[in-house]
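Heads up: the structure comes next, in structure tokens.
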Amino acid sequence: MSSHMFSDVPPGKPSLRAAYEQWLKLQNPVERTEPGNHPKIPPKELNVGIVGGGMSGLYAALILQSHGAKVSIFEKNTRQRLGGRVYTHRFTQEPNQYFEAGAMRLPETSEQQPVFDLIDYLNEKLPGESCIKTIPYVLYDDKGNLVLINNKFGPDGKTMSVSYANANPDKLGFSSKAIECNKTANQLIYEKLYGHIWMR
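Its first residue numbered 266, the sequence shown is counted upward by one per residue in the working numbering.
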């Protein structure tokens, strides 16, 4: 067995197995016990059944197949969809009309590096149209948070951004008395929505 999980991982690039093993050792410093003196079965003689076609089952199948084992995956999902809890629901075929119903983001941490290595490995093997494409996952964008209240719009005629509304509370259509109290747009909106009760 080579030092790399997959024989195609270039020399000098940490293998998926090595990266994952190092992470596990840091999480649990107790030394693992040896499996014992059982005779090893050559991978080519293994016929393995994996129950569940989620990420773990698919990943295990990939590793076992890369070592020559015959693998069958048994998936209960009646729609015959693989991926387990990783599922993208597409409302239409239009761009950006989807919802991530399971895992939705991969932070750039050392713990996730094996996933990025796996994506690179699969993209080397897959035809171009089937390659895995990652996209930025934006958790917060001040320009993307919009506010529409009192039927008032921004200077461009579009819905105001929260940052614009906070900088220009007089544009929200509240009484000048409220504006004179030096209240932010957020405070004015909470008053309107929750009857003058807001968090101070």
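Every residue gets a Cβ at the ideal spot worked out from N, C-alpha and C, and that includes glycine. All figures in this text were calculated on a predicted structure; none of them were measured in a lab.
(1) Put G409 into one of helix, strand or coil per three-state DSSP.
(2) Among L311, M369, K341 and F339, which residue has its Cα nearest to the Cα of T353?
(3) Rounded to whole angstroms, what's the CA-CA distance from I472 to D421? Just pull it up for me.
(4) For the alpha helix (DSSP H) containing F381, name the first residue and the last one.
(5) Return the Cβ separation of S337 and G314 in integer angstroms, given the expectation that the two are a contact with Cβ distance under 8 Å.
(6) Could you spell out the range, first to last residue, of the beta strand (DSSP E) harbouring S337?
(7) If you drop the 5 nearest sequence neighbours on each side, which residues of the same chain put their C-beta closer than 8 Å to that of F356?
(8) With DSSP as the reference, identify every bridge partner of F364, one or two as the case may be.
(9) Ordered along the chain, which non-local residues of its own chain (more than five positions away) have a Cβ less than 7 Å from that of Y429?
(10) Please classify G322: does DSSP put it in a helix, a strand, or coil?
(11) For G348, which residues does DSSP report across the bridge?
(12) To which residues of the same chain is L411 closer than 8 Å at the C-beta, ignoring the five residues directly before and after it?
(13) Does the Cβ of Y386 have 16 or more other Cβ atoms within 10 Å, making it buried, or fewer, making it exposed?
(14) Considering only C-alpha positions, which residue in the set L458, I400 and E310 is nearest to F381?
(15) Return the Cβ separation of K417 and L437 in integer angstroms, given the expectation that the two are a contact with Cβ distance under 8 Å.
(16) Under a three-way DSSP split, which group does G438 fall into?
(17) Mark L453 as exposed unless 16 or more other C-beta atoms lie within 10 angstroms of its C-beta, in which case mark it buried.
(18) In angstroms, rounded to a whole number, what distance separates the CA positions of N447 and S395?
(19) DSSP three-state label for G422, please.
(20) Count the other CB atoms, across all protein chains shown, that sit within 10 Å of the CB of A432; report buried if there are 16 or more and exposed otherwise.
(21) DSSP three-state label for N451, please.
So, from the data block:
(1) Position 144 of the sequence shown, counting from 1, holds the residue named residue 409. When secondary structure is reduced to three states using DSSP, G409 falls in the coil class, being assigned neither helix nor strand.
(2) Position 88 of the sequence shown holds residue 353. Of the candidates L311, M369, K341 and F339, the residue whose Cα lies closest to the Cα of T353 is M369.
(3) Here the chain has residues from 266 to 465 only, and residue 472 is not among them.
(4) Locating residue 381 in the sequence shown gives position 116, where the first residue counts as 1. Looking at the DSSP string, the run of the alpha helix (DSSP H) that includes F381 is Q378 to K390.
(5) Taking the first residue of the sequence shown as position 1, residue 337 is located at position 72. Taking the first residue of the sequence shown as position 1, residue 314 is located at position 49. About 5 Å separates the CB atoms of S337 and G314; that is less than 8 Å, so the two are in contact.
(6) Numbered from its first residue, the sequence shown carries residue 337 at position 72. Residues K335 to F339.
(7) As a first step, residue 356 is located in the sequence shown; it is residue number 91 there, counting from the start. Here the set comprises Q362, Y363 and F364.
(8) What you label residue 364 is simply residue 99 of the sequence shown in a count that begins at 1. For F364, DSSP records a beta bridge to H354.
(9) As a first step, residue 429 must be located in the sequence shown, where it is residue number 164. Correct list, in chain order: G419.
(10) Position 57 of the sequence shown, counting from 1, holds the residue named residue 322. Looking at G322 - three-state DSSP - the assignment turns out to be helix.
(11) Within the sequence shown, the letter at position 83 stands for residue 348. DSSP lists G319 as partners of G348.
(12) Mapped onto the sequence shown, residue 411 falls at position 146. Once the five neighbours on either side are set aside, the close Cβ partners of L411 are T424, M425, S426 and V427.
(13) Position 121 of the sequence shown, counted from the start, is the residue given in the question as residue 386. Buried.
(14) One-based indexing of the sequence shown puts residue 381 at position 116. Closest option to F381, Cα to Cα, is I400.
(15) Locating residue 417 in the sequence shown gives position 152, counting from the first residue. Locating residue 437 in the sequence shown gives position 172, counting from the first residue. K417 to L437, Cβ: 6 Å. Contact.
(16) Here residue 438 refers to the residue found at position 173 when the sequence shown is read from its first residue. Residue state, collapsed to three classes: coil.
(17) Walking along the sequence shown from the start, residue 453 turns up at place 188. L453 is buried by the Cβ-count criterion.
(18) Numbered from 1 along the sequence shown, position 182 holds the residue referred to as residue 447. Numbered from 1 along the sequence shown, position 130 holds the residue referred to as residue 395. Straight across, the Cα-Cα distance linking N447 with S395 is about 55 Å.
(19) By one-based count along the sequence shown, residue 422 stands at place 157. Note: G422 maps to coil in three-state DSSP.
(20) The residue given as residue 432 occupies position 167 in the sequence shown. Here A432 is exposed, its C-beta having fewer than 16 other C-beta atoms within 10 Å.
(21) Along the sequence shown, one-based indexing puts residue 451 at 186. Of the three classes helix, strand and coil, the one that applies to N451 here is helix, per DSSP.
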